[in-house]
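Trainee: Which chain is which? The protein sequence lines are C and Z, in order.
Numbering-wise, the working numbering puts 156 at position 156 of the first sequence, and it's gapless, one number per residue.
Numbering-wise, the working numbering puts 1099 at position 99 of the second sequence, and it's gapless, one number per residue.
Glycine is no exception: its CB is placed at the ideal position from the N, C-alpha and C atoms.
Pasting a structure here, questions to come.
There are 2 protein chains.
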Amino acid sequence: MPRQGLGKESILQAAIALIEEKGIAQFSMGELAKRLNVKPASLYNHVDSLHDLLEQIGLAAISRLTEAENQAIQGKQKDEALFSLAEAYRFFAREHAQLYRLILGLSKLDSQVLEKGAGDIVQPILHVLSTYGLREHQQYHWQRVLRGVMVGFAVHEHAGGFSRFPVDENESYRVAIQCIAEGLHRAGKEAE
Amino acid sequence: MPRQGLGKESILQAAIALIEEKGIAQFSMGELAKRLNVKPASLYNHVDSLHDLLEQIGLAAISRLTEAENQAIQGKQKDEALFSLAEAYRFFAREHAQLYRLILGLSKLDSQVLEKGAGDIVQPILHVLSTYGLREHQQYHWQRVLRGVMVGFAVHEHAGGFSRFPVDENESYRVAIQCIAEGLHRAGKEAE
DNA sequence: GCGAAAAACTAATAGTATTAGTTTTGTATT
DNA sequence: AATACAAAACTAATACTATTAGTTTTTCGC
């Protein structure tokens, strides 16, 4: 086995750290190379392209997000699980704003690799919804509703577009999730 | 008055047309200059920077969006207005995908100019909610809830992340808005 | 027709990702 | 321990970005 260099994994870790520190806007192959004490061109021995690298980082970020979600709902059911999931999602989007941005931006980079990520994201949501006893197609609809609300709030908080009114954002989020909870109860009853 | 050239307005219009045709990813000062039969540097006689230009385009896009919304809710009340507004929002996000992308991305470009845009966006939403007879702070909360859902769905449809389940996306959206409608009725009764 | 003001230009800088071709270097084998 | 190989890292180049400074061209008002 010939010489052992950077390695895909160490590059990925360095890239994630760099993005979380300096922000996605400052990220570049040059900056990454600088941090790894290497010339930019050398990175191409381990990575196909920036596009490819961002995709991998995005997948890693999705993995962290879904892990947090799964942990949040462990052993919980219905409303308790629902609020816990929603809280975990929002917390991640806030605490890892740069990684979350990257996840959002990921969509435009096509790729089949993301198919896996998309599946992972949906899983904890479906798990929570499964405790409400909905019919299958209802479960799919409500999965979109819940995901829509969580994404919508996250996007807006990133944009700072929620700060213009004198009411607490946490409370707004609670209202939203409570609204969904009641919708889920109704749908659950109809399915009986 | 000396020689009359491109002018801010014609540049803006050309930029919007170019973005809608070729997509925001292909947009650059060079491409814009090419379309205007001018060298890139010449654009700087009329525009401060790409950043500045994108901001102006974003404001124009917001203006078109809110115009569509206001038209959609004209003469309507409560649920009828609510569904009509939601439909108009989604329609715009779909039909002007590139411009909508730009609006979403606008947030990261700070600027005070956007304050106006943010106000415009909120206005039709508040107008619809005002027909439900909520208390003021409730109205602010529900404004965020509704906006969150609309943004969330739009973002997801852009990402193509909704297509993985065999249920109609239009119906999912209807479920979401209906959920909010019922929440609004409850909140309206509590306020009586 | 003339002067001035602004538009459009040329040329340059600094940044981006990326590729081809060369050199270095670590490791595994003899 | 010396060597050969393979991959890592390098240098140098290309082709894009946005942007600025300085120069030339144009055209409007007089």
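Hey, could you find the ends of the alpha helix (DSSP H) residue 1037(Z) is sitting in?
Mentor: On the second sequence, residue 1037(Z) is found 37 positions in, with the first residue counted as 1. Neither: residue 1037(Z) is in no alpha helix (DSSP H) and is coded neither H nor E.
Trainee: Can you have a look at residue 115(C) and say buried or exposed, based on whether 16 or more other CB atoms are within 10 angstroms of its CB?
Mentor: Numbered from 1 along the first sequence, position 115 holds the residue referred to as residue 115(C). It is exposed - the Cβ of residue 115(C) has fewer than 16 other Cβ atoms within 10 Å.
Trainee: Leaving out the 5 sequence neighbours to the left and right, which residues in its chain are closer than 6 Å to residue 93(C) when beta-carbon positions are compared?
Mentor: Position 93 of the first sequence, counted from the start, is the residue given in the question as residue 93(C). 100 and 154, listed in sequence order.
Trainee: So, with DSSP's three-state summary, where would you put residue 28(C)?
Mentor: Taking the first residue of the first sequence as 1, we reach residue 28(C) at position 28. If DSSP states are grouped into helix, strand and coil, residue 28(C) belongs with coil.
Trainee: So which residues on chain C does residue 1091(Z) lean against when the C-beta distance must stay under 8 Å?
Mentor: Mapped onto the second sequence, residue 1091(Z) falls at position 91. In chain order: nothing, as chain C lies at least about 16 Å away.
Trainee: If you draw a straight line from the C-alpha of residue 1132(Z) to the C-alpha of residue 1068(Z), how long is it?
Mentor: Taking the second sequence and counting its residues from 1, the one referred to as residue 1132(Z) is at position 132. Taking the second sequence and counting its residues from 1, the one referred to as residue 1068(Z) is at position 68. The alpha-carbon atoms of residue 1132(Z) and residue 1068(Z) are separated by roughly 21 Å.
Trainee: Whole angstroms are fine: how far does the CA of residue 1168(Z) sit from the CA of residue 1185(Z)?
Mentor: As a first step, residue 1185(Z) must be located in the second sequence, where it is residue number 185. As a first step, residue 1168(Z) must be located in the second sequence, where it is residue number 168. Between residue 1185(Z) and residue 1168(Z), the C-alpha separation is close to 26 Å.
Trainee: Go ahead and label residue 1051(Z) buried or exposed: buried means 16 or more other beta carbons lie within 10 angstroms of its beta carbon, across all protein chains shown.
Mentor: The residue you call residue 1051(Z) lines up with position 51 of the second sequence. With fewer than 16 other Cβ atoms within 10 Å, it is exposed.
Trainee: Give the straight-line distance between the Cα atoms of residue 1172(Z) and residue 2(C), rounded to the nearest whole angstrom.
Mentor: On the second sequence, position 172 is the one that residue 1172(Z) refers to. On the first sequence, position 2 is the one that residue 2(C) refers to. Cα to Cα, residue 1172(Z) sits roughly 55 Å from residue 2(C).
Trainee: Return helix, strand or coil for residue 1120(Z), following the three-state DSSP convention.
Mentor: For the purposes of this step, residue 1120(Z) is taken as residue 120 along the second sequence, with counting starting at 1. Correct three-state label for residue 1120(Z): helix.
Trainee: Use the C-beta contact count for residue 1183(Z): other C-beta atoms within 10 angstroms, 16 or more gives buried, fewer gives exposed.
Mentor: Against the second sequence, residue 1183(Z) aligns to sequence position 183. Its Cβ being crowded by 16 or more others within 10 Å, residue 1183(Z) is buried.
Trainee: According to DSSP, is residue 21(C) helix, strand or coil?
Mentor: Indexing the first sequence from 1 puts residue 21(C) at position 21. If DSSP states are grouped into helix, strand and coil, residue 21(C) belongs with the helices.
Trainee: Quick check: residue 1147(Z) and residue 1177(Z), are their CB atoms within less than 8 Å of each other?
Mentor: In the second sequence, counting from the first residue as 1, residue 1147(Z) sits at position 147. In the second sequence, counting from the first residue as 1, residue 1177(Z) sits at position 177. In this structure, residue 1177(Z) does not lie closer than 8 Å to residue 1147(Z) by Cβ.
Trainee: The alpha helix (DSSP H) that contains residue 52(C), what's its start and end?
Mentor: Here residue 52(C) refers to the residue found at position 52 of the first sequence. That run of the alpha helix (DSSP H) goes 50 to 73.
Trainee: Under 9 Å Cβ-Cβ, which residues of chain C neighbour residue 1182(Z)?
Mentor: Locating residue 1182(Z) in the second sequence gives position 182, counting from the first residue. The answer, in chain order, is 179, 182, 183 and 186.
Trainee: Residue 1004(Z) by DSSP, collapsed to three states: which one?
Mentor: Counting from 1 along the second sequence, the entry for residue 1004(Z) is found at position 4. In the structure shown, residue 1004(Z) sits in coil (DSSP, three-state: anything other than H, G, I, E or B).
Trainee: Check residue 167(C) in the structure and name its three-state DSSP category.
Mentor: Taking the first sequence and counting its residues from 1, one reaches residue 167(C) at position 167. Looking at residue 167(C) - three-state DSSP - the assignment turns out to be coil, as it is neither helix nor strand.
Trainee: Rounded to whole angstroms, what is the Cα-Cα separation between residue 9(C) and residue 1158(Z)?
Mentor: As a first step, residue 9(C) must be located in the first sequence, where it is residue number 9. As a first step, residue 1158(Z) must be located in the second sequence, where it is residue number 158. Using only the alpha carbons, I get a separation of about 30 Å.
Trainee: Under a three-way DSSP split, which group does residue 1090(Z) fall into?
Mentor: As a first step, residue 1090(Z) must be located in the second sequence, where it is residue number 90. Residue 1090(Z) falls in the helix class under three-state DSSP.
Trainee: Rounded to whole angstroms, what's the CA-CA distance from residue 1027(Z) to residue 37(C)? Just pull it up for me.
Mentor: In the second sequence, residue 1027(Z) corresponds to position 27, counting from 1. In the first sequence, residue 37(C) corresponds to position 37, counting from 1. So the alpha carbons of these two residues sit roughly 34 Å apart.
Trainee: Can you list, in chain order, the residues of its chain with a C-beta nearer than 7 Å to that of residue 81(C)? Leave out the 5 residues immediately preceding and following it.
Mentor: As a working note, residue 81(C) is residue 81 in the first sequence. For residue 81(C), where only same-chain residues beyond five positions count, the Cβ hits under 7 Å are 73, 128 and 131.
Trainee: Name the residue from 97(C), 78(C), 103(C) and 76(C) whose alpha carbon lies nearest to the alpha carbon of residue 60(C).
Mentor: Within the first sequence, numbered from 1, the residue matching residue 60(C) stands at position 60. When only C-alpha atoms are compared, the closest one is 103(C).
Trainee: Give a yes or no on whether the minimum CB-CB distance between residue 1100(Z) and chain C is below 8 Å.
Mentor: If you number the second sequence from 1, residue 1100(Z) lands on position 100. Not an interface residue.
Trainee: Going by C-alpha distance, which of 87(C), 96(C), 88(C) and 84(C) is nearest residue 16(C)?
Mentor: Against the first sequence, residue 16(C) aligns to sequence position 16. Nearest C-alpha to residue 16(C): 96(C).
Trainee: What is the DSSP secondary structure of residue 192(C), counted as helix, strand or coil?
Mentor: The count along the first sequence starts at 1 and reaches residue 192(C) at position 192. Three-state result, residue 192(C): coil.
Trainee: As a quick exercise: from 77(C), 54(C), 122(C) and 5(C), pick the residue whose alpha carbon is nearest that of residue 66(C).
Mentor: Taking the first sequence and counting its residues from 1, the one referred to as residue 66(C) is at position 66. It is 122(C) whose Cα lies nearest to the Cα of residue 66(C).
Trainee: For residue 1152(Z) and residue 87(C), what's the separation of their Cα atoms in angstroms?
Mentor: If you number the second sequence from 1, residue 1152(Z) lands on position 152. If you number the first sequence from 1, residue 87(C) lands on position 87. Rounded to whole angstroms, residue 1152(Z) to residue 87(C) spans 16 Å at the Cα level.
Trainee: So, is the C-beta of residue 1144(Z) closer than 8 Å to a C-beta in chain C?
Mentor: On the second sequence, residue 1144(Z) is found 144 positions in, with the first residue counted as 1. Chain C contact via Cβ: present.
Trainee: Need the endpoints of the alpha helix (DSSP H) that residue 1158(Z) sits in, please.
Mentor: What you label residue 1158(Z) is simply residue 158 of the second sequence in a count that begins at 1. It spans 1136 to 1159 - the alpha helix (DSSP H) in which residue 1158(Z) sits, taken as one unbroken run.
Trainee: For residue 164(C), is the classification buried or exposed, using 16 other Cβ atoms within 10 angstroms of its Cβ as the cut-off for buried?
Mentor: Position 164 of the first sequence, counting from 1, holds the residue named residue 164(C). It counts as exposed.
Trainee: The alpha helix (DSSP H) spanning residue 97(C) covers which residue range?
Mentor: One-based indexing of the first sequence puts residue 97(C) at position 97. Counting along the chain, the alpha helix (DSSP H) containing residue 97(C) begins and ends at 97 to 106.
Trainee: Just to confirm my understanding: we take residue 11(C), look at its own chain, exclude 5 residues before and 5 after, and list those with CB closer than 8 Å. What are they?
Mentor: As a working mapping, residue 11(C) is identified with position 11 in the first sequence. So the qualifying residues of the chain are 32, 36, 43, 46, 47 and 53.
Trainee: Kindly indicate which three-state DSSP category residue 127(C) falls into: helix, strand or coil?
Mentor: Your numbering for residue 127(C) matches position 127 in the first sequence. Residue state, collapsed to three classes: helix.
Trainee: Select from 1041(Z), 1143(Z) and 1057(Z) the residue whose C-alpha is nearest the C-alpha of residue 1019(Z).
Mentor: Here residue 1019(Z) is taken as the residue at index 19 of the second sequence, counted from 1. Per the Cα distances, 1057(Z).
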